[in-house]
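This report concerns only the one structure given below.
Residue numbers (my numbering): 1 to 303.
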C-alpha cells in the first residue's frame with residue numbers, strides 16, 4: 001500500500017494542507033511546519049504558464065497524502081526576497097523542507113506520477129528517521145532503568161507495524177526488566193524465524209535465558225556465603241554471578257566470572273567464559289559492563 005495512503009505522522013487539519021505564504025510568514029508556514037511533516041514550497045508567478053500546469057498537480061498529490069505533507073505557495077513577484085536568497089532563478093521550482101531545512105527539490109512541470117514519487121520518497125525518509133529516533137530513545141530509557149517509558153515507545157512503533165523486529169525485541173527486554181518473564185517470552189515468539197538472528201533479538205533471547213537460569217541458582221546471600229567459605233567452589237561462584245546479573249549488578253557478576261577464568265580457564269568446558277559471552281550478548285555491545293568486561297577478559301586470555 002502507498003505511503004500516501006497508510007502510515008506516517010499524524011494528519012494535519014485538511015484546511016491547513018495548502019496555503020499561500022509571504023516573506024514575513026515563511027518561517028512559520030515552512031520552517032516550523034516542516035518539523036512536523038514535509039512541506040513542499042511552490043515558487044510561482046502569474047505570468048508562468050508551466051506554473052499553472054504544475055500547481056494543480058501539486059495540490060492533488062498533497063491532498064492525496066492526507067496530512068502527511070503540506071504545500072505552501074509563494075508568488076515570487078510579490079515576495080522576491082526568499083527565492084532570491086535560495087537562488088531560485090527559474091520557475092516553476094519546488095523545494096521540499098524537512099526538519100526545518102531544504103532537503104530536495106525539482107524544477108519544471110513534472111507529470112503527476114513523478115510528483116507522487118517525489119513526495120512518497122520524502123514521506124518514507126521522514127518515517128524512517130522518526131522510527132530510528134524512537135528506537136534510540138526507547139533503548140536509552142531501558143538502559144536507564146525506565147522500563148515503562150521504554151515499553152510505551154516500543155508500543156508506539158508496534159501500533160504502526162506489529163512486526164517491527166527491534167520494537168518486539170525491545171518490548172521483550174522491557175518485560176524482562178520488570179520480571180515479567182512469560183510476557184517477554186511470548187513477545188519474542190512473535191518475531192519471525194527468519195529474523196531470529198537479528199542483534200536485538202539475540203540480546204533479548206540471551207536475557208530471557210539468563211533470567212531462566214537465575215531462577216534456579218538460589219538467593220544471593222546464600223551463594224555469597226558459599227563462595228566465602230569455599231573460594232574454589234567454581235559452580236557456586238558461577239551461580240552467584242548469575243544471581244547478581246539478574247539483580248542488575250553487572251560489574252560484580254563479571255568480577256566473579258573473571259575470577260573463575262583466572263583460576264581455571266578450562267573449568268567445566270570453559271563455562272565461565274561462555275557465561276560471560278552470554279552476558280555480553282544480553283547487555284549489548286555498547287554497554288559499559290560489556291566493554292570493560294571484554295577488555296578484562298582479553299587481558300586474561302591473552303596474557
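No residue lacks a Cβ here, since even glycine has one placed at the ideal position from N, Cα and C.
Please confirm whether residue i and residue j have their CB atoms less than 8 Å apart.
i	j	result
residue 100	residue 34	yes
residue 112	residue 57	yes
residue 98	residue 29	no
residue 69	residue 37	yes
residue 338	residue 176	Because residue 338 is not part of the residues shown, which for the chain are 1 to 303, the question remains open.
residue 257	residue 236	no
residue 238	residue 220	no
residue 180	residue 217	no
residue 159	residue 191	no
residue 26	residue 91	no
residue 53	residue 109	yes
residue 167	residue 147	no
Residue i to residue j, Cα distance in whole Å?
i	j	result
residue 292	residue 103	41 Å
residue 93	residue 133	31 Å
residue 289	residue 250	6 Å
residue 197	residue 117	34 Å
residue 149	residue 227	38 Å
residue 164	residue 260	39 Å
residue 161	residue 62	24 Å
residue 96	residue 124	14 Å
residue 55	residue 39	14 Å
residue 194	residue 154	21 Å
residue 283	residue 277	10 Å
residue 203	residue 296	21 Å
residue 16	residue 32	14 Å
residue 294	residue 247	20 Å
residue 138	residue 151	7 Å
residue 60	residue 78	24 Å
residue 210	residue 122	43 Å
residue 263	residue 302	15 Å
residue 51	residue 80	16 Å
residue 107	residue 285	46 Å
residue 310	residue 64	Limits of the chain in this structure are 1 at one end and 303 at the other, which puts residue 310 out of reach.
residue 273	residue 225	23 Å
residue 156	residue 49	46 Å
With burial defined as no fewer than 16 other Cβ atoms inside 10 Å of the residue's Cβ, what is the status of residue i: buried or exposed?
i	result
residue 47	exposed
residue 43	buried
residue 269	exposed
residue 279	buried
residue 88	buried
residue 300	exposed
residue 145	exposed
residue 229	exposed
residue 253	buried
residue 232	exposed
residue 199	exposed
residue 275	buried
residue 5	A caution first: residue 5 carries a pLDDT of 39, below 50, which makes its placement in the model unreliable, though a value can still be read off. Exposed.
As a quick exercise: from the options, pick the residue whose alpha carbon is nearest that of residue i.
i	options	result
residue 66	272, 18, 268 and 162	18
residue 41	217, 56 and 21	21
residue 185	237, 301 and 172	172
residue 206	188, 218 and 258	188
residue 265	244, 245 and 298	298
residue 23	55, 50 and 85	85
residue 213	80, 245 and 255	245
residue 45	142, 59 and 76	76
residue 287	74, 140 and 79	140
residue 311	143, 233, 156 and 285	Lying outside 1 to 303, the shown extent of the chain, residue 311 is not represented and no answer is given.
residue 374	225, 74, 255 and 281	The displayed coordinates of the chain run from 1 to 303. Any statement about residue 374 would go beyond what the structure contains.
residue 267	234, 107 and 50	234
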